[in-house]
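J.: In our numbering, the protein residues as written are 1 to 138.
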Amino acid sequence: MKHKLPLLSLAVAVSTFVVPLLAHHGNAAYNYDKKITVSGIVTEWIWANPHCWLKFDAKNESGEVTHWIVEASAPPTVSAQGWSHNSFKPGDQVTVTMIQVKNGQAIGRFEGDVILNGKPFPPHDNGSSGNPKGGPKP
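1. Please give me, in chain order, every unbroken run of the alpha helix (DSSP H) with length at least 4 that falls completely inside the segment 48–107.
2. Considering only the alpha carbon of each residue, which of Pro123, Trp53 and Lys59 lies closest to phenylalanine 110?
3. So, for proline 122: in the same chain, excluding its five sequence neighbours on each side, which residues have a beta-carbon less than 7 Å away from its beta-carbon?
4. With distances taken from CA atoms, which of Ile46, Glu71, His85 and Glu64 is nearest glycine 108?
5. Any idea what DSSP makes of asparagine 31, helix, strand or coil?
6. Keeping to the same chain, check which residues put their C-beta closer than 8 Å to that of threonine 140; ignore five residues upstream and five downstream.
7. So for proline 122, helix, strand or coil by DSSP?
8. What does the alpha-carbon distance come out to for the pair asparagine 86 and lysine 34?
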């Protein structure tokens, strides 16, 4: 009985750290060799862990709408760069530089500049947006 409580405590502590690590995804789906820039109208900004997500609609050359979803880093990371849960609102115009998934779907990850309603966002940012340039890949 004397050793059961410390062992149980250790098991709980280890599982607290292991489960989130197993839940996180890799980045093999993204094409880090090619950045793209897409403009559109914000439909939703999701402020959540482990990643924030920007959804927006962009029209192609034929006038057809493509529904994009772009991954950002976690709220603590983007907060340090001037982003907040109020950064994007439905109807805002955005231009996003991102890396797209390799299969060509309308899914990306912030990787560079963001233009919000015609102005650089965040205003004090030097091109490092949801994924800081030179920073770790999520």
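C-beta atoms are modelled at their ideal positions from N, C-alpha and C, and glycine is treated no differently.
T.: Let's see:
1. List check, alpha helix (DSSP H) in window: 75–79.
2. The candidate whose alpha carbon is nearest that of phenylalanine 110 is Trp53.
3. These residues qualify, in order along the chain: Gln81, Gly82 and Trp83.
4. Checked all of Ile46, Glu71, His85 and Glu64; the closest Cα to glycine 108 is Glu71.
5. If DSSP states are grouped into helix, strand and coil, asparagine 31 belongs with the strands.
6. Outside the shown range of the chain, which is 1 to 138, sits residue 140, and nothing can be said about it.
7. In this structure, proline 122 counts as coil in the three-state DSSP scheme.
8. Between asparagine 86 and lysine 34, the C-alpha separation is close to 29 Å.
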